[in-house]
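Asks: Residue numbers (the numbering used here): 2 to 64.
Sending over a structure as structure tokens; questions will come in a sec.
Next comes the structure, spelled out in structure tokens:
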């Protein structure tokens, strides 16, 4: 968790688990989070590389 005077920033990083039983995702959960943050003027960033998956959520703080 990182915050400054104006924003709260949450960073979640996960190592990918590789499996032979791959099930494709529709990413409904990620899309829902993105829509909720948009309503509250927040941002949502996904970085998906070979080994890791990182999600960064930024939410403006109420003054």
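Note that the Cβ used here is the ideal one computed from N, Cα and C, for glycine as well.
What's the C-alpha gap between residue 19 and residue 45?
Replies: Along the chain shown, read from residue 1 onward, the residue named residue 19 stands at position 18. Along the chain shown, read from residue 1 onward, the residue named residue 45 stands at position 44. Distance between the alpha carbons of residue 19 and residue 45: 25 Å.
Asks: Note down the Cα distance separating residue 53 from residue 61, rounded to an integer number of angstroms.
Replies: To locate residue 53, count along the chain shown from 1; it is residue 52. To locate residue 61, count along the chain shown from 1; it is residue 60. Distance between the alpha carbons of residue 53 and residue 61 is about 26 Å.
Asks: If you measure between the beta carbons of residue 47 and residue 11, is that distance less than 8 Å?
Replies: Locating residue 47 in the chain shown gives position 46, counting from the first residue. Locating residue 11 in the chain shown gives position 10, counting from the first residue. The answer is no: Cβ separation not under 8 Å.
Asks: What would DSSP say about residue 32, mapped onto helix, strand or coil?
Replies: Sequence index remark: in the chain shown, residue 32 carries index 31 (1-based). Here residue 32 sits in helix by DSSP.
Asks: Straight-line CA distance for residue 22 to residue 43?
Replies: Taking the first residue of the chain shown as 1, we reach residue 22 at position 21. Taking the first residue of the chain shown as 1, we reach residue 43 at position 42. Their backbone Cα atoms lie some 35 Å apart in a straight line.
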